[in-house]
Amino acid sequence: MSGQQWGNDHSPEIDPLSATRITVLKGAGSIEYFGGNIGGVILVEPERIQREPHLHGRLSYLYEHNGRGSNLNAQFQKYSPIVAWKLNGTLKYYGDRSTPDYFLNNSGSREYHGSLQLEKTWKDRLFCDVYFSSFNTSIGVLRGSHVGNLTDLNEALKRSLPFFTEDKFSYDIDAPKQTVSHQFAKFQSKYHFAENQSLEWTLALQLNERKEFDVRRGGRESIPALSLRQWNTHSGFKYQGEIKDNWSVKTGLQLSFTDNTNDPATGILPLIPDYLSWKFGAFASSQLKFKKTDYQCGVRYDFEYQNVAAISRDLPRKIVRSNNKYGGFSVMNSLLYGLTQTQKIGFQMGFTLRNPAINELYSNGLHQAVAGIEEGNENLKSESALKLSLEHKWIPNSKISLQTLFYVQRFWDYIYLQAQDEFRLTIRGAFPVFQYKQTNAIISGLDLAGQWSLGSSWAGQLRLSLIKGNDISNQIPLINIPPASVYGNVTYRLNRSVNFRHVKYSEIEFELGHHIVFKKSGLLENQDYKPAPPAYQLTNFNASTDVIFSKYKCKLFFKIDNLFDIKYRDYLNFQRYFADDLGRSIIVGINFKF
Numbered sequence: 002m003s004g005q006q007w008g009n010d011h012s013p014e015i016d017p018l019s020a021t022r023i024t025v026l027k028g029a030g031s032i033e034y035f036g037g038n039i040g041g042v043i044l045v046e047p048e049r050i051q052r053e054p055h056l057h058g059r060l061s062y063l064y065e066h067n068g069r070g071s072n073l074n075a076q077f078q079k080y081s082p083i084v085a086w087k088l089n090g091t092l093k094y095y096g097d098r099s100t101p102d103y104f105l106n107n108s109g110s111r112e113y114h115g116s117l118q119l120e121k122t123w124k125d126r127l128f129c130d131v132y133f134s135s136f137n138t139s140i141g142v143l144r145g146s147h148v149g150n151l152t153d154l155n156e157a158l159k160r161s162l163p164f165f166t167e168d169k170f171s172y173d174i175d176a177p178k179q180t181v182s183h184q185f186a187k188f189q190s191k192y193h194f195a196e197n198q199s200l201e202w203t204l205a206l207q208l209n210e211r212k213e214f215d216v217r218r219g220g221r222e223s224i225p226a227l228s229l230r231q232w233n234t235h236s237g238f239k240y241q242g243e244i245k246d247n248w249s250v251k252t253g254l255q256l257s258f259t260d261n262t263n264d265p266a267t268g269i270l271p272l273i274p275d276y277l278s279w280k281f282g283a284f285a286s287s288q289l290k291f292k293k294t295d296y297q298c299g300v301r302y303d304f305e306y307q308n309v310a311a312i313s314r315d316l317p318r319k320i321v322r323s324n325n326k327y328g329g330f331s332v333m334n335s336l337l338y339g340l341t342q343t344q345k346i347g348f349q350m351g352f353t354l355r356n357p358a359i360n361e362l363y364s365n366g367l368h369q370a371v372a373g374i375e376e377g378n379e380n381l382k383s384e385s386a387l388k389l390s391l392e393h394k395w396i397p398n399s400k401i402s403l404q405t406l407f408y409v410q411r412f413w414d415y416i417y418l419q420a421q422d423e424f425r426l427t428i429r430g431a432f433p434v435f436q437y438k439q440t441n442a443i444i445s446g447l448d449l450a451g452q453w454s455l456g457s458s459w460a461g462q463l464r465l466s467l468i469k470g471n472d473i474s475n476q477i478p479l480i481n482i483p484p485a486s487v488y489g490n491v492t493y494r495l496n497r498s499v500n501f502r503h504v505k506y507s508e509i510e511f512e513l514g515h516h517i518v519f520k521k522s523g524l525l526e527n528q529d530y531k532p533a534p535p536a537y538q539l540t541n542f543n544a545s546t547d548v549i550f551s552k553y554k555c556k557l558f559f560k561i562d563n564l565f566d567i568k569y570r571d572y573l574n575f576q577r578y579f580a581d582d583l584g585r586s587i588i589v590g591i592n593f594k595f
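So our numbering is basically just the index in the sequence shown, starting at one, shifted up by 1.
Take a look at the structure:
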């Protein structure tokens with residue numbers, strides 16, 4: 002399921018502490034999920050409840066000095082043959098964040114999450130899982146990113162210090178701000194009707210609500226400028242089976258329905274129109290394993306029907322109804338071959354089709370969190386892509402490993418958001434304008450990852466990422482492509498326990514990491530409102546230990562992000578137009594299990 006996500010600012014709105022199983026699917030493994038997953042799929046799921054009849058749990062607290070934020074999480078679980086259960090709750094309370102030089106006024110946040118998981122197994126053949134969750138958050142939007150006139154907007158893009166910056170900390174969240182809630186329920190059952198063969202059924206329902214509040218005059222700040230309610234339902238059937246010991250298959254059907262409604266009481270044209278969306282998906286995948294070869298292939302068909310009621314952009318305003326139909330196939334193949342006992346080589350080839358999203362088609366107004374006006378393009382076609390990748394893994398022994406990945410993707414009708422040579426004054430303020438465009442493009446990259454260990458105490462890793470995007474229709478670089486980066490760290494673990502005042506400290510570990518991000522080069526002056534920010538380097542430090550006293554055990558951890566308080570701006574963060582990124586942040590926490 003998904004939230005009301007449009008644009009780069011909408012990260013997954015989930016509680017990471019309630020999801021303890023994270024799986025990265027690439028190649029044919031990603032074909033069983035909605036969307037043109039040419040980049041793969043990240044699954045975030047709650048872990049199965051352990052078959053332990055006693056009550057177990059975890060209490061965690063974390064304090065972060067940048068934002069003076071507190072995080073509290075509690076988990077309790079117990080297994081019973083009648084029904085196993087797990088209860089999880091999280092509270093987060095943050096005030097204004099800060100850069101090395103100033104406070105980011107009105108950047109506080111509140112989060113309140115809870116979830117309940119129930120499991121039941123019958124004779125190890127039928128498994129049922131019921132999951133409920135509630136995610137609620139209030140987020141402040143940097144006050145200096147919303148200005149009232151064109152003159153101030155021009156100056157805001159040039160200033161080193163944002164407008165409305167005050168030299169004082171506050172927990173208050175004033176307009177501009179957002180409130181978001183997601184209520185989610187899922188039922189999942191899996192029946193093993195034969196050895197190594199099963200049927201799985203999933204039914205999910207989600208209610209999403211989003212409200213955005215502007216700086217308004219005349220006591221109208223309590224009236225939202227955007228108020229959306231969205232219902233999502235999803236149902237899916239999946240068969241898994243082993244035809245032979247080395248041959249397995251998966252196949253399935255999926256149905257999804259979305260009902261998105263705006264509240265007309267806002268008195269402002271909505272960013273996203275009212276719409277209904279029906280999606281149908283069918284997939285089949287297979288995996289063959291031989292002595293040295295692992296081959297996977299998959300095919301998927303997606304169909305989507307959209308019934309949209311948008312408001313016209315010209316005067317007089319009227320309702321413009323559209324009925325859109327999209328459909329197409331995606332195919333993925335991957336091959337992993339063992340060259341020797343220490344080396345493997347992998348090849349992946351895939352063709353995917355991605356339908357344009359509602360926001361890409363019909364956005365018409367202020368996207369508050371990025372402080373920009375976005376305009377969709379109703380003439381967008383489906384985006385298609387061909388991906389080729391070559392991977393080499395070398396593991397000569399248990400202490401050294403090296404992985405190299407090269408990939409190239411050819412896009413037809415690539416969809417992207419382009420800054421326009423225009424500032425626009427509205428009743429909500431003055432903002433830059435962005436439009437969704439399409440072009441043919443090539444994105445290629447190289448990823449290197451190495452790990453090493455020395456003895457049982459020292460270890461380290463090094464990662465290099467190079468990526469380049471070209472608009473081949475217009476012979477210019479693609480915007481919003483990550484710059485090159487290098488990350489490395491060194492870890493030291495003390496292999497003995499330390500006793501101090503009747504308390505035992507074990508698993509003592511220290512880690513020092515360094516991240517280099519290069520300047521995004523090659524962009525043209527007219528492609529963005531500001532040049533790409535300069536390169537920067539960030540250093541992080543982590544320390545942790547297990548503390549054992551009496552019969553109890555807990556983990557203490559200490560972390561410093563941006564150790565040297567470096568001033569920088571992230572190219573992919575839209576707030577870089579108005580402010581620096583976060584300065585040094587010291588984090589301390591405790592995790593107690595029972």
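For every residue, glycine included, the Cβ atom is placed at its ideal position computed from N, Cα and C.
Going by DSSP in three states, residue 592 sits in which element: helix, strand or coil? Residue 592 sits at position 591 when you count from the first residue of the sequence shown. Three-state result, residue 592: strand.
Nearest to residue 416 by CA position, among 463, 482 and 427, is which residue? The sequence position of residue 416 within the sequence shown is 415, counting from 1. Taking only the C-alpha atoms, the option nearest residue 416 is 482.
In whole angstroms, give me the CA-to-CA distance for residue 199 and residue 487. Here residue 199 refers to the residue found at position 198 of the sequence shown. Here residue 487 refers to the residue found at position 486 of the sequence shown. Straight across, the Cα-Cα distance linking residue 199 with residue 487 is about 44 Å.
State the beta-bridge partners of residue 216 as determined by DSSP. One-based indexing of the sequence shown puts residue 216 at position 215. Residue 216 pairs with nothing; no bridge assigned.
4 or more residues per run - each alpha helix (DSSP H) lying fully within the region 319-360: Taken in chain order, the complete alpha helix (DSSP H) segments of 4 or more residues contained in the region 319-360 number zero; there are none.
Just to confirm the assignment, what range does the alpha helix (DSSP H) spanning residue 155 have? Translated into the one-based positions of the sequence shown, residue 155 becomes position 154. 151-157 is the span of the alpha helix (DSSP H), which, as asked, contains residue 155.
Opening and closing residue of the beta strand (DSSP E) in which residue 69 lies: Here the question's residue 69 lines up with position 68 in the sequence shown. First-last for residue 69: undefined, no H or E at that position.
Ordered along the chain, which non-local residues of its own chain (more than five positions away) have a Cβ less than 7 Å from that of residue 587? As a position in the sequence shown, residue 587 is number 586, starting the count at 1. Excluding positions up to five away in sequence, the list reads 66 and 561.
Are the Cβ atoms of residue 307 and residue 378 separated by less than 8 Å? The residue labelled residue 307 in the question sits at position 306 within the sequence shown. The residue labelled residue 378 in the question sits at position 377 within the sequence shown. No; because the gap between Cβ atoms is not below 8 Å, this pair is not in contact.
Taking 8 Å as the threshold (C-beta atoms), are residue 33 and residue 286 in contact? For the purposes of this step, residue 286 is identified with residue 285 of the sequence shown, where counting begins at 1. For the purposes of this step, residue 33 is identified with residue 32 of the sequence shown, where counting begins at 1. Residue 33 is positioned such that its CB atom lies closer than 8 Å to that of residue 286.
Neighbour-count burial assignment, residue 195, 16 or more Cβ in a 10 Å radius: Position 194 of the sequence shown, counted from the start, is the residue given in the question as residue 195. So residue 195 counts as exposed.
Among 290, 472 and 243, whose alpha-carbon lies nearest the alpha-carbon of residue 338? Position 337 of the sequence shown, counting from 1, holds the residue named residue 338. Nearest option by C-alpha distance: 290.
Residues in the same chain with beta-carbon distance under 6 Å from residue 259, minus the five sequence neighbours each way, listed in chain order, please. What you label residue 259 is simply residue 258 of the sequence shown in a count that begins at 1. If we look at residue 259 and ignore the five residues flanking it on each side, its Cβ neighbours are 233 and 278.
Do the CB positions of residue 138 and residue 116 come within less than 8 Å of each other? Position 137 of the sequence shown, counting from 1, holds the residue named residue 138. Position 115 of the sequence shown, counting from 1, holds the residue named residue 116. No, these two residues do not count as a Cβ contact at 8 Å.
Would DSSP call residue 162 helix, strand or coil? Position 161 of the sequence shown, counted from the start, is the residue given in the question as residue 162. Coil, per DSSP.
Quick check: the region 423-431 against the region 463-473, are at least 3 beta-carbon pairs closer than 8 Å? With the cut-off at 8 Å, the region 463-473 and the region 423-431 do not touch.
Label residue 371 either buried or exposed according to how many other C-beta atoms from any shown protein chain fall within 10 Å of its C-beta, with 16 as the threshold for buried. One-based indexing of the sequence shown puts residue 371 at position 370. So residue 371 counts as buried.
Give every residue of the same chain whose Cβ lies closer than 7 Å to the Cβ of residue 230, excluding the five residues on either side of it in the sequence, and list them in chain order. Mapped onto the sequence shown, residue 230 falls at position 229. 210 and 262, listed in sequence order.
Give the straight-line distance between the Cα atoms of residue 475 and residue 491, rounded to the nearest whole angstrom. Taking the first residue of the sequence shown as 1, we reach residue 475 at position 474. Taking the first residue of the sequence shown as 1, we reach residue 491 at position 490. Rounded to whole angstroms, residue 475 to residue 491 spans 44 Å at the Cα level.
Tell me which same chain residues have a C-beta within less than 8 Å of the C-beta of residue 100, skipping the five on either side of it? Residue mapping note: residue 100 aligns to position 99 of the sequence shown, counting from 1. Take residue 100, set aside five residues on each side of it, and the residues of its chain with a beta-carbon closer than 8 Å to its own are 568, 580, 581, 582, 583 and 584, in chain order.
Under 8 Å between C-beta atoms of residue 445 and residue 414: By one-based count along the sequence shown, residue 445 stands at place 444. By one-based count along the sequence shown, residue 414 stands at place 413. No, the Cβ-Cβ distance between residue 445 and residue 414 is not below 8 Å.
Unbroken stretches of the alpha helix (DSSP H), 4 residues or longer, contained in the region 427-466: Those alpha helix (DSSP H) runs which fall completely within the region 427-466 and span 4+ residues do not exist here.
Does the separation of the CB atoms of residue 373 and residue 575 fall below 8 Å? Stepping through the sequence shown from its first residue, residue 373 is reached at position 372. Stepping through the sequence shown from its first residue, residue 575 is reached at position 574. Contact check for residue 373 against residue 575 passes: the beta carbons are separated by less than 8 Å.
Express the C-alpha separation of residue 341 and residue 53 in angstroms, rounding to a whole number. In the sequence shown, the residue the question calls residue 53 occupies position 52. In the sequence shown, the residue the question calls residue 341 occupies position 340. Using only the alpha carbons, I get a separation of about 42 Å.
By the 10 Å Cβ neighbour count, where 16 or more other Cβ atoms means buried, how is residue 360 classified, buried or exposed? By one-based count along the sequence shown, residue 360 stands at place 359. Residue 360 should be labelled buried.
Do residue 516 and residue 538 have their C-beta atoms within less than 8 Å of each other? If you number the sequence shown from 1, residue 516 lands on position 515. If you number the sequence shown from 1, residue 538 lands on position 537. A contact, by the Cβ cut-off of 8 Å.
Would the beta-carbon of residue 424 fall within 8 Å of that of residue 391? For this step, residue 424 is matched to residue 423 along the sequence shown. For this step, residue 391 is matched to residue 390 along the sequence shown. In this structure, residue 391 does not lie closer than 8 Å to residue 424 by Cβ.
Which term fits residue 226, buried or exposed, when burial requires 16 or more other beta carbons within 10 angstroms of its beta carbon? The residue you call residue 226 lines up with position 225 of the sequence shown. Residue 226 should be labelled buried.
Run of the beta strand (DSSP E) containing residue 303, from where it starts to where it stops: Stepping through the sequence shown from its first residue, residue 303 is reached at position 302. Its beta strand (DSSP E) spans residues 294-312.
Nearest to residue 244 by alpha carbon, out of 257, 68 and 197? For the purposes of this step, residue 244 is taken as residue 243 along the sequence shown, with counting starting at 1. Minimum Cα-Cα distance from residue 244 among the listed residues 257, 68 and 197 corresponds to 197.
Is the region 126-137 touching the region 177-184, taking contact as three or more C-beta pairs under 8 Å? Touching, yes, given that three or more Cβ pairs across the two stretches are closer than 8 Å.
Which residues in the same chain as residue 450 place their Cβ atom closer than 6 Å to its Cβ, once the five residues preceding and following it in sequence are excluded? For this step, residue 450 is matched to residue 449 along the sequence shown. Here the set comprises 404 and 464.
Cα separation between residue 297 and residue 409? Residue mapping note: residue 297 aligns to position 296 of the sequence shown, counting from 1. Residue mapping note: residue 409 aligns to position 408 of the sequence shown, counting from 1. When rounded, the distance between both Cα atoms is 20 Å.
Mapping the DSSP letters down to three states, classify residue 418 as helix, strand or coil. On the sequence shown, residue 418 is found 417 positions in, with the first residue counted as 1. If DSSP states are grouped into helix, strand and coil, residue 418 belongs with the strands.
With respect to the beta strand (DSSP E) encompassing residue 283, which residues constitute its N-terminal and C-terminal limits? Taking the sequence shown and counting its residues from 1, one reaches residue 283 at position 282. Residue 283 -> beta strand (DSSP E) spans 275-290.
Using only the alpha-carbon positions, how far apart do residue 222 and residue 270 sit? The residue you call residue 222 lines up with position 221 of the sequence shown. The residue you call residue 270 lines up with position 269 of the sequence shown. So the two alpha carbons sit approximately 17 Å from each other.
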